[in-house]
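Visitor: Can you read through this structure? Questions will come right after.
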Amino acid sequence: MIETKEEAKLNTYENSQELFKRAVKVIPTGIPGHLGPVQSQFIPTSDFPFYAERAEGSYFWDLDGNKFIDYMCAYGPNVLGYNNPVVDKAAFDQFKKGNCMALPGKVQVEFAELLVDTIEGADWAMFMKNGGDATSFALMIARAATGRKKLVRIKGGYHGVAPWTQVDGHAGVVSEDISNNLFMEWNDAEAFERLISDYPGQIAGLIATPYDHRIFTDNALPKPGYWQKIRQLCTDNGIVLIIDDVRCGFRLDMGGSAKYFGFEPDLACYCKALANGYNISSVVGKDSLRDAASKVFYTGSYWSSAVPMAAGIACINELKRIDGPRLMIEKGEKLTAGLKKTAEANGIDLVISGVPSMFYMRIANDNSLMMHQEFCAECAKRGVFFVSHHNHFINCSLSDEDIAKTLEVAEEAFRIVKKNNPDKCN
Amino acid sequence: MSRETVMSYINVFAVLKNMEELVRVDAASKELIKDKDMSIQFTVNKGPKAVLTFRNGEAQLTRGGGKAGIKLYFFSPDHFNKMMDGKANPVPYKGLTKISFLTGTFMKLAERLEYYLRPDEDKLRDSAYFKANTEMTAYAAFFALSEIGNRDEKALHSTAAIPDGKILVKVENGPAVTVIKENGILRTEKGEPESPRCILSFSSLESAHLVLNGKLDTYTALATGQMAMRGFIPMIENMNPILDQVAEYLQ
Numbered sequence: 001m002i003e004t005k006e007e008a009k010l011n012t013y014e015n016s017q018e019l020f021k022r023a024v025k026v027i028p029t030g031i032p033g034h035l036g037p038v039q040s041q042f043i044p045t046s047d048f049p050f051y052a053e054r055a056e057g058s059y060f061w062d063l064d065g066n067k068f069i070d071y072m073c074a075y076g077p078n079v080l081g082y083n084n085p086v087v088d089k090a091a092f093d094q095f096k097k098g099n100c101m102a103l104p105g106k107v108q109v110e111f112a113e114l115l116v117d118t119i120e121g122a123d124w125a126m127f128m129k130n131g132g133d134a135t136s137f138a139l140m141i142a143r144a145a146t147g148r149k150k151l152v153r154i155k156g157g158y159h160g161v162a163p164w165t166q167v168d169g170h171a172g173v174v175s176e177d178i179s180n181n182l183f184m185e186w187n188d189a190e191a192f193e194r195l196i197s198d199y200p201g202q203i204a205g206l207i208a209t210p211y212d213h214r215i216f217t218d219n220a221l222p223k224p225g226y227w228q229k230i231r232q233l234c235t236d237n238g239i240v241l242i243i244d245d246v247r248c249g250f251r252l253d254m255g256g257s258a259k260y261f262g263f264e265p266d267l268a269c270y271c272k273a274l275a276n277g278y279n280i281s282s283v284v285g286k287d288s289l290r291d292a293a294s295k296v297f298y299t300g301s302y303w304s305s306a307v308p309m310a311a312g313i314a315c316i317n318e319l320k321r322i323d324g325p326r327l328m329i330e331k332g333e334k335l336t337a338g339l340k341k342t343a344e345a346n347g348i349d350l351v352i353s354g355v356p357s358m359f360y361m362r363i364a365n366d367n368s369l370m371m372h373q374e375f376c377a378e379c380a381k382r383g384v385f386f387v388s389h390h391n392h393f394i395n396c397s398l399s400d401e402d403i404a405k406t407l408e409v410a411e412e413a414f415r416i417v418k419k420n421n422p423d424k425c426n
Numbered sequence: 001m002s003r004e005t006v007m008s009y010i011n012v013f014a015v016l017k018n019m020e021e022l023v024r025v026d027a028a029s030k031e032l033i034k035d036k037d038m039s040i041q042f043t044v045n046k047g048p049k050a051v052l053t054f055r056n057g058e059a060q061l062t063r064g065g066g067k068a069g070i071k072l073y074f075f076s077p078d079h080f081n082k083m084m085d086g087k088a089n090p091v092p093y094k095g096l097t098k099i100s101f102l103t104g105t106f107m108k109l110a111e112r113l114e115y116y117l118r119p120d121e122d123k124l125r126d127s128a129y130f131k132a133n134t135e136m137t138a139y140a141a142f143f144a145l146s147e148i149g150n151r152d153e154k155a156l157h158s159t160a161a162i163p164d165g166k167i168l169v170k171v172e173n174g175p176a177v178t179v180i181k182e183n184g185i186l187r188t189e190k191g192e193p194e195s196p197r198c199i200l201s202f203s204s205l206e207s208a209h210l211v212l213n214g215k216l217d218t219y220t221a222l223a224t225g226q227m228a229m230r231g232f233i234p235m236i237e238n239m240n241p242i243l244d245q246v247a248e249y250l251q
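These protein sequences, in sequence, are chains A and B. Residues 1 to 426 (the UniProt record's numbering) are what the first sequence spells out, left to right. Residues 1 to 251 (the UniProt record's numbering) are what the second sequence spells out, left to right.
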């Protein structure tokens, strides 16, 4: 009998699962954080790999030898393509000279100069290791500069895992950690005005991502004039405007996502796409906050490592050279248009939101996401790595052939979802 | 609301509620009530009120007051909780002539309930006991979840964050409960709904037993497929911190 595509050999993950069994004995949760199978991204867990063996360009290979076109891009850091030769050469050259030394390398200054020249409105840059380091540092700068305690956040916004970023009732969080947080809805400048009025002279800063890209909800771009109004309110009331550009940074505009939306923050936080996978993050800021940034005591064991800084310089220069943001937006547009068309042909309402280089998608035929989870699982089994509910990432090395292969797999996956849910498809 | 008060709601609507299962699965308990037609109202000052009815060989716990042969009053949630721990007596104010049901049949039922809810390795070797213990533990946990989620100050944050809809919690080819979030309130019902928005499932009764009794952590269970979740995950994610509190209350 001729094997149909649906019956063709699908990925299996015996080695991943075996290693995970070892992991849970010695590592709490097996794989801590958001990359693990229990963080509800992999549904069902049996259809997804848990460990990667190697990666190159737009692909990674798991422990069982399965190859995936990767639309998670290490949750963002892979911006140029895995193992980019230009970035890796710069990193290895620096490695030979020295990495973690008693004094910072020359590259720290060079990288700061490059970021100040690249990101619109940035007068200085400081470096740390993770996005969460950057957002916490930015908050401390805002407090140091204003002498105020309160921080305005967007409901549902994500800024890392430090206690102040979390919610009451969650493990390890006490109400004092979050007692200075004030919340407003995204795209509601009037709500910000009300908070300013309710807490006169008490708000140190407002922190938000440049557009709303939380999970489990359609991503929402700023309304026309929204950021400009927020900028004005911050200026008028002495509030520090902090942009968390950790996820979007350099996927919208090399000048920063704030430039893309036409405003200037006081502080901006960068990480994921800063060095194509080498571990570094940064806060950049305006001259008016230079003194406060100097005063805040904030450091870490590896914050001056030179290798990630050399990688960062090469990454930013390479992104500029190839106009990375435009490239990724174009590739994202091509992919998402294809996915929507393929879904529609199968009676499936695929909603795609956000900027195409960092799109969010969900199947809207029911309100449970079960069909969407089925779709992602069918894709994973066929070598296309979408996860159930997170924005996805495009990287610069994604080829037209990759997109064509993805659409071929998606067509098959949509067909299976339709077959399993005939009453829910249009 | 004080911890004692929350505990009194759990004791009524999650622990006593298990009398319904007890007389269904336990032959000795079934025998005890087979010809009985009796209701007991529990009234806790500044706490819960419920009626437990034994009729036609079945038991049913209903919220609020109603017709009851015996009415018991408790001065405080603490008083009621102590009664549940065998350290205090209720104050009967109606049905004094039927008090023998309380001191006889009901006390024996309470002992049987404790027998099923306090397992040991010997008892668990019996498959019928194993099944009954696991099912009753699951019912106690998920009925307690709603009581905690609606009352405990810490849990209220998590309850508020649970989106509206029905969370089905089931054992494959086994029992099921549905946790419903509606109008800001949680409630638990037995059985499967037609359209759950989210599903948390155990692959087998054994998996459920291991997780519910703290012998297997949920992370390992989820990764190995002994537990699975699908659907609108924020419902489960925000239910989990309350489930952690269930273990704290019921330990």
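C-beta atoms are modelled at their ideal positions from N, C-alpha and C, and glycine is treated no differently.
1) Alpha carbon to alpha carbon, how far is A/G110 from A/Y298?
2) Which whole-angstrom value describes the C-beta separation of A/L327 and A/T406, a residue pair presumed to lie in contact below a C-beta threshold of 8 Å?
3) Run through DSSP, which three-state label would A/G172 get?
4) Within 10 angstroms of its Cβ, does A/Q232 collect 16 or more other Cβ (buried), or is it exposed?
5) Do A/S58 and A/L398 have their C-beta atoms closer together than 7 Å?
6) Since B/F202 is in the alpha helix (DSSP H), which residue starts that stretch and which ends it?
7) Put B/I233 into one of helix, strand or coil per three-state DSSP.
8) Quick check on B/M107: buried or exposed, where buried means 16 or more other Cβ atoms within 10 Å of its Cβ?
9) Can you tell me the Cα-Cα spacing of A/K5 and A/E408, whole angstroms?
10) Pull up the distance between the alpha-carbon of A/K97 and that of A/M309, whole angstroms please.
11) Could you pull the start and end residues of the alpha helix (DSSP H) that A/Q108 belongs to?
12) Which residues, in order along the segment 39–50 of chain A, keep a beta-carbon less than 7 Å from a beta-carbon of chain B?
13) Rounded to whole angstroms, what is the Cα-Cα separation between A/D62 and A/F385?
14) Say whether the segment 22–40 of chain B touches the segment 203–212 of chain B, bearing in mind that this needs 3 or more beta-carbon pairs closer than 8 Å, one atom from each stretch.
15) What is the rounded straight-line gap between the Cα of B/V51 and the Cα of B/L113?
16) For a cutoff of 7 Å on Cβ pairs, would you count B/G104 as touching chain A?
17) Secondary structure at B/E189, three-state DSSP: helix, strand or coil?
18) Can you tell me the Cα-Cα spacing of A/G147 and A/M101, whole angstroms?
19) Quick check on DSSP: helix, strand or coil for B/R63?
20) Closer than 7 Å by beta-carbon distance: list the chain A residues that pair up with B/Y219, in chain order.
21) From the DSSP output, in three-state form, read off A/S399 for me.
22) Please state the DSSP three-state secondary structure of A/D123.
23) Going by beta-carbon coordinates alone, are A/G131 and A/V307 separated by less than 7 Å?
24) Quick one: is A/A377 buried, meaning 16 or more other Cβ sit within 10 Å of its Cβ, or exposed?
25) In three-state terms, what does DSSP make of B/M136?
26) What does the alpha-carbon distance come out to for the pair A/N15 and A/D64?
27) Based on DSSP bridge pairs, tell me the residues matched to A/N269.
28) Does the Cβ of B/V23 have 16 or more other Cβ atoms within 10 Å, making it buried, or fewer, making it exposed?
29) Count the other C-beta atoms from every protein chain shown that fall within 10 angstroms of the C-beta of A/A343, then say buried if there are 16 or more, exposed otherwise.
30) I need the DSSP call for A/R194, collapsed to helix, strand or coil.
31) Whose C-beta lies closer than 6 Å to the C-beta of A/F48 among residues of the same chain, with five residues either side of it excluded?
32) Drop a sphere of 10 angstroms on the beta-carbon of B/A155, count the other beta-carbons inside from all chains shown, and report buried for 16 or more, exposed for fewer.
33) Quick check: the segment 35–46 of chain B against the segment 388–398 of chain A, are there 3 or more CB pairs under 8 Å?
34) Just to make sure I have the definition right: I need the residues of chain B whose C-beta is within less than 8 Å of the C-beta of A/D168. Which are they?
35) Name the DSSP beta bridge partners of B/G165, please?
36) Could you give the C-beta distance for A/G169 and B/P241, rounded to a whole number, given that I count them as a contact under 8 Å?
Guide: If we stick to the structure as given:
1) Before going on, a small fix: residue 110 of chain A reads as Glu here, not Gly. Distance between the alpha carbons of A/E110 and A/Y298: 21 Å.
2) The Cβ separation is near 17 Å, so there is no contact.
3) coil
4) exposed
5) Contact flag set, yes.
6) Here B/F202 belongs to no alpha helix (DSSP H); instead the beta strand (DSSP E) covers C198 to F202.
7) coil
8) exposed
9) Below a pLDDT of 50, predicted positions are generally treated as unreliable, and A/K5, at 46, falls in that range; no measurement from the model is reported.
10) Their Cα atoms are separated by approximately 13 Å.
11) Where A/Q108 is concerned, the enclosing alpha helix (DSSP H) stretches over K106 to T118.
12) So the close ones are S40, I43, P44, T45 and S46.
13) Roughly 11 Å between the two C-alpha positions.
14) no
15) 17 Å
16) no
17) Residue state for B/E189 is assigned as strand, using DSSP reduced to three classes.
18) 35 Å
19) Under the three-state reduction of DSSP, B/R63 is assigned to strand.
20) V24, T29, G30 and V38
21) coil
22) coil
23) A distance of 7 Å or more separates the beta carbons of A/G131 and A/V307.
24) Flag for A/A377 reads buried.
25) In the structure shown, B/M136 falls within a helical segment according to DSSP collapsed to helix, strand and coil.
26) If I take the Cα positions, the gap works out to 6 Å.
27) The question names Asn, but residue 269 of chain A in the sequence shown is Cys. A/D244 and A/V283, per the DSSP bridge assignment.
28) Flag for B/V23 reads buried.
29) Taking all protein chains shown into account, A/A343 has 16 or more neighbouring C-beta atoms within 10 Å of its C-beta and is therefore buried.
30) helix
31) F42 and A380
32) buried
33) no
34) Within chain B, the residues near A/D168 are K154 and H157.
35) B/K181
36) 5 Å
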